[in-house]
Each structure stands twice: as structure tokens, then as C-alpha cells.
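Sequence order for the protein chains is A and B.
The first sequence begins at 1013 in my numbering and counts up by one.
The second sequence begins at 1013 in my numbering and counts up by one.
Just so you know, even glycine gets a beta-carbon here, dropped at the ideal spot from N, CA and C.
Model, not experiment: these values are computed from the prediction.
Notes to accompany the following structure.
There are 2 protein chains.
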Amino acid sequence: MTSQKRQQKIIELLDRNEEIDVATLAEQLSTSDMTIRRDLNRMASEGLIIRTHGGAMKTGLLVNKTAFENKVAVNLDAKDAICRLAAQEIKDGDIIFMDCGSTVFRLCNFIRNKNIKVITNSLPVVAQLINSAASVNLIGGEVDRDRQAIHGAMAEQHIAHYTATKAFLGVDGISPDGLFANTEKEASITRAFAARSKKNYLLCDSTKINKEAYLKFAGLSLFHTLITDKETPSLPPIRKKGLKIILP
Amino acid sequence: MTSQKRQQKIIELLDRNEEIDVATLAEQLSTSDMTIRRDLNRMASEGLIIRTHGGAMKTGLLVNKTAFENKVAVNLDAKDAICRLAAQEIKDGDIIFMDCGSTVFRLCNFIRNKNIKVITNSLPVVAQLINSAASVNLIGGEVDRDRQAIHGAMAEQHIAHYTATKAFLGVDGISPDGLFANTEKEASITRAFAARSKKNYLLCDSTKINKEAYLKFAGLSLFHTLITDKETPSLPPIRKKGLKIILP
DNA sequence: TTAAAAATGTTTAAATTTGTTCGAAGATAC
DNA sequence: GTATCTTCGAACAAATTTAAACATTTTTAA
């Protein structure tokens, strides 16, 4: 059974059961616990399910938690390590773009005291920075509930009015071939931000490296620098393509 | 039972009960007091509940202290009476503007199930409606912390791209002489909204009628209809100027 | 066809969660 | 004010869950 088929079945089972544990899933799908765990972790990072101890829950059950908050909780240490490095690149007076990714969101904690202007399409970023030293501009357009962000043609048009010194953006996958996104919405917003910034940083934890999602939307040259959490065998080919890489 | 499931149940129980004690929770969820305490502490640190001695209570019962929320709490009954009337004016398919006033904010509760598009510069309005039937567009521009809203030249420019069937707006004062605002920011945003809507409703509780704030920014003719909470001696002169007035 | 990469299984040490106990801090009654 | 009762959280232990490391198999691409 392929991992795709397995993940599909997991969602079906979860639809019926609300919650389910690793051992049951492993038995039902006749595979090992470890494989189920890997599946669940991946699905949780995509916001498809909520990871619990020993299993998973349907999304939407936790009243006050959005898909976005669940995404943020995944791989938190790696995200913070990346953001700590990213924050060192930001100097007082910078005008920076921040997109609506869960990694970029964590950057908020490291820049609260900097004297900068932040331009973002992410509502959680606004909420985090509204009481900080940074001044915040919000991109306008359609509100996307799942991503807690602003998207759409109007948003892209709006971005074109700004110019930033640095952009901090995420993607769903990166390989030596280029950059990948799960939806066109995200792809075009990323392109719009990148086009209006002098220097573009890709914040990307190591699980996304060498992962090709369904839509290839740009070449590696869109970014100047990749910040990630650890060296992996997949990095050298990317480095060879001319992307500067920052590691902890 | 996982901690996530337990926390979900705690929120459900709290939704019904407003407040609840540790012992009851421990019994209901068949676990120990200590585990419940750990759950409650974690949930409180995330802002999901409010921790009390011996238990927990719902959030939202205690006064949250942003300037905006305090404004909302003033004269609540009058505001709700006004908004109930305003909601009757809104039909499925409408595209409406809502500004960042505290009266207009209360309109959210009355339109959650309507099939409309809402265009606003108010962050609290977005937060209220993000899980509703209405689709939401947000105006882009500078984030104003005190008003929890978007302002500035970019915002006004952005508004000019939209056209609404109805606008629901507030002011800081109204007299037979015209409309008054406390800041130029608010004045220009109000003008920008009004200019791009076919029909403009002024939502204004009776304390603001016949009050002249520092800046007169428009004549009464900017609005077609005034919705307020009670008849006062100041109303007839305004009615005489051609403004339609709706009362409970 | 072969080599490289990805996915999966196994083992094991680390991390997380939970229950129990107990002294300290907090509330309540008098 | 004191005495009493309750609640709290720290510390520890037991059980469970997790993820890292490595071996093996399968898939993919050259």
C-alpha cells in the first residue's frame, strides 16, 4: 500500500471515529507503528489532522484552535532555530515582507524589539506584532479562513505598491529543480512578495527540502538565501545552484 | 483518553456551565485532579480559559482590556438595539462596508448567517466573521493599534477599488450642521467608504447626537439613513435636513 | 540494468504523560 | 485575628509514546 493510499484511509477512519490511536491504525492498515507516526506527523504539518499523544484527532474539533495554530505547533524547535538566524539578518530601519507560513510566523517572537516596518498578509503575524516596536502594514484582499491570511488578485495588486528591503517567505517544497506550492493562491502571493523585495530569504525546515509538491511555481533564483535547521544530503545540489544557505 | 480530547471536553463543559471546578472535571473525565490542573494551566496559558481557584471559567466573561474592547462594552444595549435594526436592512447577496467603530462591530452578531460579502478595515470584525457564512474582505494599509483597524492613504486607495451596495459606518458626533470626527484618519476613511457605496447607513447611539467633535468632515447628506436607539429632542432638526431615521 | 533515493521496519534511548504523595499557599468560618 | 479546610504545584515513579539510528526493501531515474 502506498503512503498516499494509507493517508487517505487514515482520513476516512478519522471521519468515522473523531480520534484514533497509532496502534489501531497500524493494525487496520497492516503496517508498523513507526510508519503510521511518520504519516501522522506529515499530515499534521499539512493541517489535515491534529496530532495527539498516541494518535490523531479530526481537525475542527478543538474549538479554539485553527488549522493554522496546529501547523505552527509542528516542528517548533526547528522553526525557532531558523527564525533565530533570520532575525540576525534584520537591521533597524529595514522594511520587511512576511508571508503567512507557519515558520515565518515564529519570526515574530524574535523581532518584537526591532525598529522596523513589517508588511504582511498574515493575520496571526499582525496579532503578534500589534503590540511590538515594529510598525505593521497589512495587505488587503480576500480573507482566507484556513490560512488566516489575505489572498487573491486584490492582494497581489496591493503588494505591488510596496517595496521592501528584505522578504521572509515560506514554500511547501524545494528541490534543485525549483520551488513548489500546494495551491496557486500561495504560489502567486509568494511571487508577488519576492518581486517587490531587494533580498529574498526562504525559511524552510529540513522536512521540506527535496520535497516536490504539486505545483512548481518558480526557479531557485527567486531567492537569494535559504535558512534551514540542519545540513542534509539534499542541500549540496541546492547550494550548487547558487543559493546561499544559512545553518545554525 | 488523550490530553487533547480531554481539553476539548473541558471546553465543551465550560461552554455549558460558564465555570466549573477541578473535582467535577476530574470525575467527569475520569482522571486525577492533578491531571486536570495541568490541563487547565496549559489551557489558561494559551488563553483558552481563565483559571480560577479550584477550577476554571470561560474567557470573555472577564473584561479584556484593549481600548477597543472597552469602547464596545459602553452602552451595549443601545448598540445592540441599533444593530438589530441595521441587520434587517441587509439582504442575501448584499456587499456591505463596515468600518471600525464599536457600534458597527456589534453588527457582526446579527449577520453571521447571512449570505453576504463584508468589506471592512476593522480587525475585530474580521475575527468575528471569519467563521461565519459571510465572506470577508479586508482593506489593506497601516495597522492602527488603538483602533484595531487599518488606516492611511493606502487604505483609502484600496477602498476605491471596491463598490458596495450598503455601508454601515459610525461617526464621533452628528448635529444638524454635519458630521464630526475626532481624528482626520477616521474622517477620511469614512468619506472613502461612503463614496464607494450606493446606500449609506449611519449607526449612532443617542449620546453622539448633537455632539460636535473637533473636526467637521462632511455634511449630513453623506448618509441616507440614520439608525439610533431612541427619539430625542435633537432628532427633528436632523430629520428636517432630509436624513431618514430608523428607531426601535 | 544499475545506481541513487525514498519508504519502511526494528531496535533503543529519550521524552512525554499521568498518578501519587506531601508541604505550602490560599480561602473560609468563627 | 486564629483555626480549619481546601487547593495548589513540586517531586518522584511508572507507563506510554516518540524519534533517532540503522538495516532492509521498494521505487525512481539515469
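Discussion item. Looking only at its chain, what residues have a beta carbon closer than 7 Å to the beta carbon of B:Ser1246, apart from the 5 residues adjacent to it on each side?
Written reply: Residue numbering aside, residue 1246 of chain B sits at position 234 when the second sequence is read from its first letter. Excluding sequence positions up to five before and after B:Ser1246, its CB lies within less than 7 Å of the CB of Ile1221, Asn1222, all in the same chain and listed in chain order.
Buried versus exposed call for A:Ala1069 [16 or more other C-beta atoms within 10 Å across all chains shown]: Here residue 1069 of chain A is taken as the residue at index 57 of the first sequence, counted from 1. In the sequence as presented, Ala is not what sits at residue 1069 of chain A; that position holds Met. Its Cβ being crowded by 16 or more others within 10 Å, A:Met1069 is buried.
Q) So with Cβ pairs under 8 Å, would you call A:His1163 a contact of chain B? A) Within the first sequence, numbered from 1, the residue matching residue 1163 of chain A stands at position 151. No, because no Cβ of chain B sits closer than 8 Å to the Cβ of A:His1163.
**Asked** How is the alpha helix (DSSP H) around A:Glu1039 delimited, first residue to last?
**Response** The residue labelled residue 1039 of chain A in the question sits at position 27 within the first sequence. For A:Glu1039, the enclosing alpha helix (DSSP H) stretches over residues 1034–1040.
message = So the candidates are A:Pro1188, A:Ser1218, A:Ala1225, A:Thr1177; which of them puts its Cα closest to the Cα of A:Glu1198?
response = Along the first sequence, one-based indexing puts residue 1198 of chain A at 186. Minimum Cα distance to A:Glu1198 is reached at A:Ala1225.
Would you kindly report the start and end of the unbroken alpha helix (DSSP H) that includes B:Asp1156?
-> Here residue 1156 of chain B is taken as the residue at index 144 of the second sequence, counted from 1. Membership of B:Asp1156 in any alpha helix (DSSP H) is not indicated; the residue belongs instead to the beta strand (DSSP E) covering 1153–1156.
Below-8 Å beta-carbon distance, A:Thr1064 vs any chain B residue: Taking the first sequence and counting its residues from 1, the one referred to as residue 1064 of chain A is at position 52. By this cut-off, A:Thr1064 is an interface position.
Practice prompt. Let me know if B:Val1075 comes out buried or exposed under the rule of 16 or more other beta-carbons within 10 Å of its beta-carbon.
Written response: Translated into positions along the second sequence, residue 1075 of chain B becomes position 63. With a pLDDT of 37 at B:Val1075, under the threshold of 50, the modelled position of that residue is not reliable, and the figure given next carries that caveat. B:Val1075 should be labelled exposed.
Note to self: Which residue wins for smallest C-alpha separation from B:Gly1254, given the options B:Gln1169, B:Ala1167, B:Thr1237, B:Leu1135?
What the structure shows: Numbered from 1 along the second sequence, position 242 holds the residue referred to as residue 1254 of chain B. The shortest C-alpha separation from B:Gly1254 is found at B:Thr1237.
Chain-ordered chain A contacts of B:Lys1017 [CB-CB under 9 Å] | Here residue 1017 of chain B refers to the residue found at position 5 of the second sequence. Within chain A, the residues near B:Lys1017 are Glu1030, Glu1031, Thr1064, Met1069, Leu1073.
- Task: For A:Arg1159, count neighbouring Cβ atoms within 10 angstroms of its own Cβ and tell me buried if that reaches 16, exposed if not.
- Result: Along the first sequence, one-based indexing puts residue 1159 of chain A at 147. Using a 10 angstroms sphere on the CB of A:Arg1159, the tally of other CB atoms reaches 16 or more, which defines it as buried.
So, is A:Met1046 buried or exposed, given that buried needs 16 or more other C-beta atoms within 10 angstroms? Locating residue 1046 of chain A in the first sequence gives position 34, where the first residue counts as 1. A residue is called buried when at least 16 other Cβ atoms come within 10 angstroms of its Cβ; A:Met1046 does not meet this threshold and is exposed.
Check: Looking at the C-beta of A:Leu1026, does it have a partner C-beta in chain B at a distance below 8 Å?
Finding: If you number the first sequence from 1, residue 1026 of chain A lands on position 14. It does not; no Cβ of chain B falls within 8 Å.
Taking 8 Å as the CB-CB limit, is B:Asn1222 close to chain A? Reading the second sequence from its first residue, position 210 is the one you call residue 1222 of chain B. For B:Asn1222, the answer is no, since every Cβ of chain A falls outside 8 Å of its Cβ.
Which residues does DSSP pair with B:Tyr1213 in a beta bridge?
As a first step, residue 1213 of chain B is located in the second sequence; it is residue number 201 there, counting from the start. In DSSP, B:Tyr1213 forms a bridge with B:Phe1180, B:Thr1237.
Point to revise | CB-CB length for B:Phe1122 against B:Val1084, believed under 8 Å | key: The residue given as residue 1122 of chain B occupies position 110 in the second sequence. The residue given as residue 1084 of chain B occupies position 72 in the second sequence. B:Phe1122 to B:Val1084, Cβ: 14 Å. No contact.
**Q.** Neighbourhood of A:Ile1102 by C-beta distance below 8 Å, restricted to the same chain and skipping five residues each side
**A.** Mapped onto the first sequence, residue 1102 of chain A falls at position 90. Within the same chain, Ile1108, Ile1123, Lys1126, Ile1128, Lys1178 come within 8 Å of A:Ile1102 by CB-CB distance, once the 5 residues on both sides are set aside.
In angstroms with no decimal places, state the Cα-to-Cα distance between B:Ile1022 and B:Leu1119.
-> Along the second sequence, one-based indexing puts residue 1022 of chain B at 10. Along the second sequence, one-based indexing puts residue 1119 of chain B at 107. Between B:Ile1022 and B:Leu1119, the C-alpha separation is close to 30 Å.
- prompt: Given that B:Thr1047 touches chain A, what residues does it touch there, using C-beta distances under 9 Å?
  reply: Within the second sequence, the letter at position 35 stands for residue 1047 of chain B. When 9 Å is used as the limit between beta carbons, B:Thr1047 is near no residue of chain A, the shortest such separation being about 13 Å.
- prompt: What residues in its chain sit with their C-beta under 7 Å from that of A:Gln1019, if we drop five residues either side in the sequence?
  reply: The count along the first sequence starts at 1 and reaches residue 1019 of chain A at position 7. Closer than 7 Å at Cβ, skipping near neighbours: Asp1051, Met1055.
- Distance, Cα to Cα, B:Gly1059 vs A:Asp1189? In the second sequence, counting from the first residue as 1, residue 1059 of chain B sits at position 47. In the first sequence, counting from the first residue as 1, residue 1189 of chain A sits at position 177. Rounded to whole angstroms, B:Gly1059 to A:Asp1189 spans 43 Å at the Cα level.
Notebook entry, point to check: Residue range of the beta strand (DSSP E) that A:Ala1230 falls in?
Noted result: As a working mapping, residue 1230 of chain A is identified with position 218 in the first sequence. Here the beta strand (DSSP E) through A:Ala1230 covers 1227–1230.
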